[in-house]
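Novice:
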Amino acid sequence: MVSCIRMYASVHRSDNVKLLGVYMDQSLNLKHHISMKARASALSMCYLKKIRKYLDKTTCLKLANAMVFSHMAYCNGLFINLPASTLRPLQRIQNYTAKIILGRTKYDSASTALKELHILPVSVRADYEILLLVFKFLHNLAPTYLSELLEIKIPGRCTRSSKGILLKIPFTSRKSFADRSFRVEDTFIF
């Protein structure tokens with residue numbers, strides 16, 4: 008005879024939940040996720056800064072891509088339409104890492120360092136990721152689960168704007184987070 012022991016444990020409410028490597032909070036503003044990624048990137052950036060004098064530029068860039076920028080690139084499609092104040096910690100780390108790679112001081116211009124390394128700013132990179140998915144959809148290279156989310160708009164009459172490719176804008180009832188979804192945001196960026 009097998010005895011069954013029931014364990015009763017209390018479940019505590021948490022402000023943040025980690026789901027597939029992304030920290031989600033109740034307001035879905037991703038501030039905790041960005042702070043955790045900024046912390047991990049900053050730690051890797053400090054290690055990179057310590058060994059920078061022993062590396063050439065190409066090796067340092069490869070290490071920065073592997074150690075620092077990989078933290079910022081994970082799920083950066085979620086960063087669409089976030090305020091600049093929320094993305095500022097990641098942008099600061101990206102700017103300083105670009106200066107470390109090029110051997111510049113902290114007082115030099117970060118935008119020229121990013122341009123020289125051909126690195127997009129954090130907010131622009133999020134838009135780029137979404138536009139890349141739309142491009143793949145338009146050329147039948149996207150996965151089926153993404154292709155089902157988008158529809159090409161066929162205009163009712165001939166206008167100047169009907170000469171290009173337009174995407175249908177779906178109606179959303181929730182304006183806070185639903186407008187940041189892939190289905191809605193890609194049409195505005197495109």
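Counting in our numbering, the final residue of the sequence shown is number 197, and the numbers go up one at a time with none missing.
For glycine and all other residues, C-beta sits at the position ideal for the given N, C-alpha and C.
What residue ranges within the segment 48 to 134 form continuous beta strand (DSSP E) runs of no fewer than 3 residues, ordered along the chain?
Specialist: With a minimum length of 3 residues, no continuous beta strand (DSSP E) run stays inside the segment 48 to 134.
Novice: In angstroms, rounded to a whole number, what distance separates the CA positions of Leu26 and Glu136?
Specialist: Position 19 of the sequence shown, counted from the start, is the residue given in the question as residue 26. Position 129 of the sequence shown, counted from the start, is the residue given in the question as residue 136. One C-alpha to the other measures close to 21 Å.
Novice: DSSP beta-bridge partners for Val18?
Specialist: By 1-based counting over the sequence shown, the position of residue 18 is 11. Note: Val18 sits in no beta bridge, so no partner.
Novice: With a CB to CB cut of under 7 Å and the five nearest residues on each side skipped, what residues in its chain are close to Ala71?
Specialist: Start at 1 with the first residue of the sequence shown, and residue 71 comes out as number 64. Same-chain partners within the cutoff: Leu55, Thr104, Ile108.
Novice: On a CA-only basis, which of Phe144, Ser51, Gly84 is nearest Val29? Give me that one, please.
Specialist: Against the sequence shown, residue 29 aligns to sequence position 22. Nearest C-alpha to Val29: Gly84.
Novice: Tell me where the alpha helix (DSSP H) around Leu157 begins and ends.
Specialist: On the sequence shown, position 150 is the one that residue 157 refers to. It is not in any alpha helix (DSSP H) - Leu157 carries neither H nor E in the DSSP assignment.
Novice: Excluding the 5 residues flanking His78 on each side, which residues of the same chain have their C-beta closer than 6 Å to its C-beta?
Specialist: Here residue 78 refers to the residue found at position 71 when the sequence shown is read from its first residue. Excluding sequence neighbours, His78 sits near Lys44, Ala47, Ser48.
Novice: Do you know offhand how far Ile159's Cα is from Arg111's?
Specialist: Here residue 159 refers to the residue found at position 152 of the sequence shown. Here residue 111 refers to the residue found at position 104 of the sequence shown. When rounded, the distance between both Cα atoms is 47 Å.
Novice: Take Asn23 and list the residues in its own chain whose beta-carbon comes closer than 6 Å to its own, dropping the five residues that flank it on each side.
Specialist: Mapped onto the sequence shown, residue 23 falls at position 16. Cβ neighbours of Asn23 beyond the five flanking positions: Tyr30, Asp32, His39.
Novice: Please classify Val129 as buried or exposed, where buried requires at least 16 neighbouring CB atoms within 10 angstroms.
Specialist: As a position in the sequence shown, residue 129 is number 122, starting the count at 1. Flag for Val129 reads buried.
Novice: Assign Leu148 to one of three DSSP states: helix, strand, or coil.
Specialist: As a first step, residue 148 must be located in the sequence shown, where it is residue number 141. Coil, per DSSP.
Novice: Assuming Leu138 and Ala149 are in contact, meaning their beta carbons sit under 8 Å apart, how far apart are those beta carbons, in whole angstroms?
Specialist: Your numbering for residue 138 matches position 131 in the sequence shown. Your numbering for residue 149 matches position 142 in the sequence shown. Rounded, the Cβ-Cβ distance is 12 Å, inconsistent with contact.
Novice: So what's Leu26 in DSSP terms, helix, strand or just coil?
Specialist: To locate residue 26, count along the sequence shown from 1; it is residue 19. It is a strand residue.
Novice: Leaving out five residues before and five after Asn102 in sequence, what residues of the same chain have Cβ atoms less than 6 Å from its Cβ?
Specialist: Here residue 102 refers to the residue found at position 95 of the sequence shown. Hits under 6 Å: Ala117.
Novice: Using the Cβ count rule (16 or more neighbours within 10 Å means buried), how would you classify Pro96?
Specialist: Reading the sequence shown from its first residue, position 89 is the one you call residue 96. It is buried - the Cβ of Pro96 has at least 16 other Cβ atoms within 10 Å.
Novice: Where Thr66 and Glu155 are concerned, what is the direct C-alpha to C-alpha distance, given to the nearest angstrom?
Specialist: As a position in the sequence shown, residue 66 is number 59, starting the count at 1. As a position in the sequence shown, residue 155 is number 148, starting the count at 1. Straight-line Cα distance between these residues: approximately 41 Å.
Novice: For Thr132 and Ser17, what's the separation of their Cα atoms in angstroms?
Specialist: Counting from one through the sequence shown, the residue named residue 132 turns up at place 125. Counting from one through the sequence shown, the residue named residue 17 turns up at place 10. Before going on, a small fix: residue 132 reads as Arg here, not Thr. Computed Cα separation, rounded: 42 Å.
Novice: Would Leu35 be called buried (16 or more neighbouring beta carbons within 10 Å of its own) or exposed?
Specialist: Numbered from 1 along the sequence shown, position 28 holds the residue referred to as residue 35. Exposed, because fewer than 16 other Cβ atoms sit within 10 Å of the Cβ of Leu35.
Novice: Quick check: the Cα distance between Cys53 and Asp134, rounded to an integer number of angstroms?
Specialist: Along the sequence shown, one-based indexing puts residue 53 at 46. Along the sequence shown, one-based indexing puts residue 134 at 127. When rounded, the distance between both Cα atoms is 28 Å.
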